[in-house]
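Colleague:
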Ligand code: CMX
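Residue numbers (full-length UniProt numbering): 30 to 448.
(1) Got a sec? Which residues, its chain only, sit under 7 Å from residue 182 by beta carbon, not counting five neighbours each side?
(2) Assign residue 291 to one of two classes, buried (16 or more other C-beta atoms within 10 Å of its C-beta) or exposed (fewer than that).
(3) Tell me, to the nearest whole angstrom, how far the beta carbon of residue 195 is from that of residue 131; I am working on the premise that it is less than 8 Å.
(4) Buried or exposed for residue 341, please, with buried defined as at least 16 other CB atoms from any protein chain shown within 10 angstroms of its CB.
(5) Count the other CB atoms within 10 Å of the CB of residue 488; is the residue buried (16 or more) or exposed (fewer)?
(6) Cβ of residue 388 within 7 Å of any heavy atom in the ligand CMX?
(7) What is the rounded straight-line gap between the Cα of residue 308 and the Cα of residue 263?
(8) Look up residue 391 in the DSSP assignment and say whether it is helix, strand or coil.
(9) Would you check if the stretch 322-330 and the stretch 378-386 touch, i.e. whether three or more CB-CB distances between them fall below 8 Å?
(10) Can you have a look at residue 188 and say buried or exposed, based on whether 16 or more other CB atoms are within 10 angstroms of its CB?
(11) Tell me which residue opens and which closes the alpha helix (DSSP H) that residue 461 is part of.
(12) Have a look at residue 336 and residue 99 and give me their C-alpha separation to the nearest angstrom.
(13) Span of the alpha helix (DSSP H) holding residue 131?
(14) What separation, rounded to the nearest whole angstrom, lies between the Cα atoms of residue 364 and residue 245?
(15) Under 8 Å: do the stretch 285-299 and the stretch 391-406 share three or more Cβ pairs, one atom per stretch?
(16) For a test of your reading of the model: does the CB of residue 395 fall under 7 Å from any non-hydrogen atom of the ligand CMX? Yes or no.
(17) In three-state terms, what does DSSP make of residue 90?
(18) Indicate the three-state DSSP secondary structure (helix, strand or coil) for residue 269 in the structure shown.
(19) Compute every distance between the C-beta of residue 43 and the non-hydrogen atoms of the ligand CMX, then say whether any falls below 7 Å.
(20) Indicate whether the contact test is met: 3 or more Cβ pairs, each with one atom in the stretch 208-219 and one in the stretch 114-132, closer than 8 Å.
(21) Classify residue 221: buried if its beta carbon has 16 or more other beta carbons within 10 angstroms, exposed otherwise.
(22) On the DSSP letters alone, give me the boundaries of the alpha helix (DSSP H) that residue 150 sits inside.
(23) Report the residue from 208, 160, 203 whose alpha carbon sits nearest the alpha carbon of residue 185.
(24) Cβ-heavy atom distance between residue 343 and the ligand CMX below 7 Å?
(25) So does residue 297 have its beta carbon nearer than 7 Å to some heavy atom of the ligand MG?
(26) Ignore the nearest five residues each way along the sequence and tell me which others in residue 315's own chain have a CB closer than 6 Å to its CB.
(27) Tell me, please, whether the stretch 198-213 touches the stretch 63-82 by the rule of three or more beta-carbon pairs shorter than 8 Å.
(28) Quick check on DSSP: helix, strand or coil for residue 436?
(29) Just to confirm, are residue 200 and residue 152 a CB contact at a threshold of 8 Å?
(30) Looking at the ligand CMX, does it come within less than 7 Å of residue 73, judged from the CB to the closest heavy atom?
(31) Quick one: is residue 436 buried, meaning 16 or more other Cβ sit within 10 Å of its Cβ, or exposed?
(32) Please report how far the alpha carbon of residue 297 lies from the alpha carbon of residue 303, in whole angstroms.
(33) For residue 351, I'd like the list of residues in its chain whose CB is within less than 7 Å of its CB, leaving aside the five on either flank, ordered along the chain.
(34) In three-state terms, what does DSSP make of residue 84?
(35) Any heavy atom of the ligand CMX inside 7 Å of the beta-carbon of residue 204?
(36) May I have the straight-line CA-CA distance separating residue 90 from residue 338, to the nearest angstrom?
What follows is the structure, encoded as structure tokens:
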């Protein structure tokens with residue numbers, strides 16, 4: 030039975046041919062017009078990237094290698110393009126455990142961070158510093174051939190994923206207390222070990238939540254800020270640590286991954302203002318006051334999605350099963366019934382429905398992980414799986430350095446002067 034790397038080595042030559050054939054047949058065909066608004070509007074909807082790992086449909090939401098979230102939940106721990114046996118899955122867990130320790134100088138960097146430095150900044154610092162031991166950077170310096178790039182990229186990607194629990198666990202304990210980090214267990218899965226390092230190994234339901242959390246946060250097409258940043262920086266042949274460090278800095282923005290922290294801050298403020306069991310009318314007023322103050326309602330809206338995010342629904346189903354009476358979950362459900370109507374009435378947001386971040390914090394809080402400014406670190410650990418896979422495939426397929434063209438406003442005015 031092949032290892033993950035052997036399976037990739039099998040798949041890559043055929044995929045190189047597939048891309049060649051697609052380009053030979055369709056390479057010169059138009060993909061539709063580009064309009065000036067897209068240049069000013071954050072490139073929204075502009076077809077510009079290739080990524081096979083996951084595809085996002087505006088109505089349906091995400092599919093991972095063709096599978097919806099419920100289908101993935103059924104199939105795990107098998108992956109559709111590898112279909113590992115239980116023994117292969119265990120071997121992968123053991124491989125990650127063997128790669129999991131971080132260099133002592135990175136531990137020192139983290140230990141010296143003031144606890145007031147946001148956990149995401151600490152996370153990005155540590156990941157960037159791992160580039161010290163990058164197999165790709167070393168191989169490149171020694172003159173590796175282009176066709177072999179994917180191999181040291183694979184090794185770095187595996188090291189990166191493997192080391193994240195130790196980094197996240199260390200940040201968590203440094204900032205919030207909890208004593209010395211325990212050891213990773215080679216015969217346990219990744220989610221169990223992450224939970225253990227955060228101090229939650231005695232809560233099997235929390236471990237199960239992390240399995241769901243990591244899966245649904247792993248990837249969301251190629252164009253979102255964190256995935257695209259990783260791809261962009263990787264295209265300069267920056268190694269996976271440098272590329273993923275950059276992804277994390279994008280994920281740390283409040284319109285992207287920081288939204289899960291923002292949702293809980295917003296809910297808590299609402300609770301303290303309105304008290305327990307607020308009326309629908311009071312919640313409605315509160316939502317309006319957020320909009321009138323010129324702020325966004327965190328956890329709602331999306332650049333691509335036009336329906337309720339299936340990642341939200343997967344978390345809601347988890348909550349309905351395990352914590353139906355949790356007061357915060359009840360508030361989240363109440364908000365779910367009210368916010369879309371308010372956003373529709375306000376008439377600006379193209380998508381009034383909740384995204385993934387509207388739900389995650391409440392689940393974590395339920396199990397005692399109520400350190401809100403840590404939430405985006407968990408999003409980051411999860412997103413590493415998608416970004417790492419992209420980096421490996423981009424090097425395997427020889428993706429070139431990215432270089433879109435920018436224009437000045439004067440150039441646009443001139444271009445359309447008499448048209
Ligand atoms: N609350 C208030 N206003 C909102 C809104 C929300 N939740 N969502 C969109 N709008 C506003 C926009 O700010 C924009 O206003 P202006 O015209 O004044 O600039 C207008 O509606 C149109 O925006 P849009 O085309 O619907 O949305 P964008 O593609 O520009 O932005 C997103 C998408 C997610 C950044 C936006 O919906 C938002 O700010 N949501 C709240 C933050 C959030 O939950 N982010 C997490 C997204 C998921 C993730 O990446 O983790």
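All C-beta atoms, glycine included, are put in the ideal place defined by N, C-alpha and C.
Modeller: By the coordinates alone:
(1) 165, 269, 420, 421, 424
(2) buried
(3) Contact between residue 195 and residue 131 is confirmed by a C-beta separation of about 5 Å, below the 8 Å threshold.
(4) buried
(5) Lying before the first or after the last residue shown, residue 488 is absent from the chain, which here runs from 30 to 448.
(6) no
(7) 50 Å
(8) Residue 391: helix per DSSP, three-state reduction.
(9) yes
(10) Around the C-beta of residue 188, 16 or more other C-beta atoms lie within 10 Å, and the residue is accordingly described as buried.
(11) The requested residue 461 is not part of the displayed model; the chain covers only 30 to 448.
(12) 17 Å
(13) No alpha helix (DSSP H) holds residue 131; DSSP gives it neither H nor E.
(14) When rounded, the distance between both Cα atoms is 22 Å.
(15) yes
(16) For the ligand CMX, not one heavy atom lies less than 7 Å from the Cβ of residue 395.
(17) strand
(18) helix
(19) no
(20) yes
(21) buried
(22) Judged by DSSP secondary structure, residue 150 falls within the alpha helix (DSSP H) whose first and last residues are 148-158.
(23) 160
(24) no
(25) Annotation note on the ligand MG: not contained in the displayed structure, which lists the ligand CMX as its ligands.
(26) 299
(27) No, they do not touch.
(28) coil
(29) yes
(30) yes
(31) exposed
(32) 10 Å
(33) 234
(34) strand
(35) no
(36) 6 Å
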